[in-house]
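Under the UniProt record's numbering, the letters of the sequence shown match residues 1 to 416, in that order.
Beta carbons: idealized from backbone N, C-alpha and C, even for Gly.
Predicted model only: the values in this text are computed from it and were never measured.
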Amino acid sequence: MQDPANPVPPNLPNQPASAGLPSHVPPELVVTQWPLNTQEFLAAPYQFMADMHNNYPPVYYGLDPVRSSWGLLKHADCLHVLRNADTFRNLEAVPFPRDKENYFFFIPQEIDPPHHRKYRNIVDPLFSPAGIKKLEGKIRGRVNELIDQFIDDGECEFTLAFGRTLPVSIFLDIMGLPQDMLFTFASWGDEMIHGGSPEVSGAALAKAVEYLTGAIEEKKRNPDDGVISLIAHAEIDGRKISDKEAFGFVCFLFLGGLDTVYATLNNIWAWLAQNPDRVQEIIDRPDTDIDKIIEELLRRFSVVQASTRFVMKDIEIGGVQIKAGDRVNTLLPVANFDPDVFPDPLTVDFDRPRKTTLAFTVGVHSCMGGHLARMEVKTALQEWLRRIPKFSIKPGEKIEYKAGGVIGPDKVPLVW
Ligand code: HEM
């Protein structure tokens with residue numbers, strides 16, 4: 001049983017490729033490479049993921065040198081996994097290397113029910129729709145301050161000027177951290193998610209560990225109204241939260257809350273810049289359409305590749321036998337392109353019938369920052385289009401994607 005206050009590494013089976021194919025895996029379902037990091041994927045990620053519904057078995061087994069696992073493409077199969085937290089657990093759900101002698105869990109992501117809810121209860125009120133609504137003025141103000149800095153230049157590199165800066169600066173405010181950490185935080189987040197090797201990710205994580213540990217200590221001495229302070233002074237089951245729990249919680253917010261919003265903004269702006277007619281359509285639509293516009297953009301440009309779960313009992317999915325001890329990946333953006341649920345899935349259609357989308361996952365572990373992320377994307381879209389309604393990709397520049405668990409173009413050079 002997990003004890004988040006005194007964590008030990010779970011030491012689960014990994015089924016590396018070198019151990020051979022488990023006997024229950026049909027050879028015709030095997031793929032030999034994680035599909036969402038290949039050159040073919042990086043050349044056109046969203047097209048590649050839509051095509052997976054024609055080119056891959058809906059349930060495949062991905063061999064991996066470290067940790068082989070199943071991949072699920074169908075919307076219904078993903079929903080089934082994500083909604084059954086007893087059978088599909090979050091043990092080791094975050095694939096970041098950690099010091100085994102000084103282990104910690106990423107909280108709440110790696111904590112299963114019933115403990116999971118105790119952690120979410122600490123911060124959920126702040127991240128609820130009502131909690132985030134209170135931040136709307138501040139976020140809108142920050143969006144405009146950023147635009148003020150480059151609007152007269154007639155061009156910007158979107159990532160640096162806006163896409164990365166906005167979510168990191170809002171995050172620092174919410175956490176109660178100083179704005180002068182903005183670029184340091186952004187680069188740590190980038191190295192952790194797109195570092196390309198466990199060494200680079202591990203080194204970035206180590207720097208974040210040191211800084212966040214110090215920040216938690218500081219908030220214990222000098223409480224404020226930021227999220228780090230709230231966590232540092234929280235109680236779990238009538239006892240004070242331990243240092244390891246506080247750290248694992250703060251650290252996961254850092255990991256989950258930065259790159260995701262930036263990648264989402266970058267994807268959307270790259271698309272808008274190449275589709276002026278759709279920009280005009282958004283401008284022309286009534287204000288009341290904004291929420292469904294944001295939901296469709298989040299479906300079409302989902303950025304988190306997969307939610308990973310550890311299987312607790314033998315089960316069948318899509319006619320395939322999956323055994324206790326296996327791991328499954330629900331490929332969230334691929335499920336969002338399931339043509340049985342979202343016909344013509346690559347088309348951005350703001351009037352689609354409302355269906356469950358998986359950008360933020362569903363079930364127990366659905367994204368805690370979903371309402372914050374939606375508010376950031378919404379205010380950014382509204383203010384940008386009000387002030388810069390016509391813009392395009394800078395001539396001669398190409399949109400390129402880099403490898404990592406979060407999908408987004410590296411740079412988006414814009415002119416207007
Ligand atoms: C567009 C932006 C975002 C996307 C696409 C996104 C996506 C996701 C996804 C897919 C998960 C589930 C992972 C899993 O089930 O394995 C998740 C969980 C989580 N996200 Fe986000 N996220 C975004 C922004 C944020 C922000 C801004 C924050 C916080 C400031 C945040 C905090 C979290 C937390 C704490 C969890 C774990 C929830 C739990 O285990 O109960 N996310 N997110």
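Cutoff 7 Å; reference residue i; Cβ partners in own chain excluding five residues on either side
i	result
Lys292	Phe350
Leu82	Ser307, Thr330, Thr361, Val362 and Gly363
residue 478	What the structure shows of the chain is the stretch from 1 to 416, and residue 478 is not part of that stretch, so it cannot be assessed.
Gly131	Pro125
Gly195	Ser201 and Ala204
Ile170	Ile139, Arg142 and Glu376
Phe96	Ser201 and Leu205
Asn144	Glu383
Asn14	Val66 and Arg67
Residue i Cβ short of 7 Å to ligand 1 heavy atom set
i	result
Ala85	no
Ser229	no
Arg327	no
Pro129	no
Gly257	yes
Ala359	yes
Ser169	no
Gly264	According to the sequence displayed, residue 264 carries Thr and not Gly. Yes, Cβ of Thr264 sits closer than 7 Å to a heavy atom of ligand 1.
Arg67	no
Val334	no
Phe252	yes
His116	yes
Cys78	no
Val303	yes
Leu372	yes
Gly238	no
Gly369	yes
residue 425	For the chain, the structure presents residues 1 to 416; residue 425 sits outside this window and is missing.
Thr356	no
Ser18	no
Pro9	no
Thr159	no
Burial state of residue i, where buried means 16 or more other Cβ atoms lie within 10 Å
i	result
residue 421	Because the chain spans 1 through 416 in this model, residue 421 falls outside it and cannot be assessed.
Asp259	buried
Ser23	exposed
Gly238	exposed
Val303	buried
Glu40	exposed
Ser197	exposed
Pro10	exposed
Gln305	buried
Lys134	exposed
Ala44	exposed
Neighbourhood of residue i by C-beta, 8 Å cutoff - its chain only, sequence neighbours within 5 removed
i	result
Leu346	Tyr46, Gln47, Ala50, Arg300 and Phe337
Glu136	Met375 and Thr379
Ala273	Phe391, Ser392, Ile393, Val412 and Leu414
Gly256	Gln109, Cys367, Met368 and Gly369
Phe88	Val81, Leu82, Arg309, Phe310, Val311, Met312 and Val328
Asn6	Ser242 and Lys244
Asp64	Pro16, Ala17 and Trp34
Cutoff 6 Å; reference residue i; Cβ partners in own chain excluding five residues on either side
i	result
Ala246	Ile216, Ile231 and Ala232
Leu297	Ile268
Val31	Tyr60 and Gly62
Val261	Pro167, Ala373 and Glu376
Ile399	Ala270 and Pro409
Pro276	none
Closer than 7 Å: residue i CB and nearest ligand 2 heavy atom
i	result
Phe162	Annotation note on ligand 2: not contained in the displayed structure, which lists ligand 1 as its ligands.
CB-CB length for residue i against residue j, believed under 8 Å
i	j	result
Trp384	Ile147	7 Å
Pro404	Ile193	The sequence given here has Gly at residue 404, not Pro. The pair is a contact, with the Cβ atoms about 5 Å apart (cut-off 8 Å).
Pro57	Leu29	5 Å
Gly176	Ser128	With a Cβ gap of about 19 Å, Gly176 and Ser128 do not count as contacting.
Glu295	Thr357	7 Å
Residue of the options minimising C-alpha distance to residue i
i	options	result
Phe252	Pro108, Leu332 and Trp70	Pro108
Asp99	Ala206, Pro339, Pro409 and Glu295	Ala206
Asn121	Met192, Asp243, Asp314 and Val227	Val227
Asp77	Gly396, Val328 and Glu397	Val328
Lys355	Glu210, Leu79 and Ala403	Leu79
Tyr211	Met181, Ala234 and Glu191	Met181
His116	Phe249, Pro286 and Ile283	Phe249
Glu191	Ile241, Pro26 and Phe254	Phe254
His365	Pro26, Leu12, Leu72 and Leu91	Leu91
Ser68	Tyr103, Trp188, Phe158 and Ser18	Ser18
Asp326	Val334, Gly319 and Asp314	Asp314
Leu235	Val123, Ala208 and Phe158	The sequence given here places Glu at residue 235; Leu does not occur at that position. Minimum Cα distance to Glu235 is reached at Val123.
Ile407	Arg352, Val334 and Pro353	Val334
Gly318	Arg278, Asn55 and Lys74	Lys74
Val341	Met175, His53, Asp152 and Gly163	His53
Pro178	Thr159, Phe158, Glu199 and Lys219	Lys219
Arg278	Gly163, Val348, Asn37 and Thr184	Val348
Ala208	Arg221, Ala186 and Pro223	Ala186
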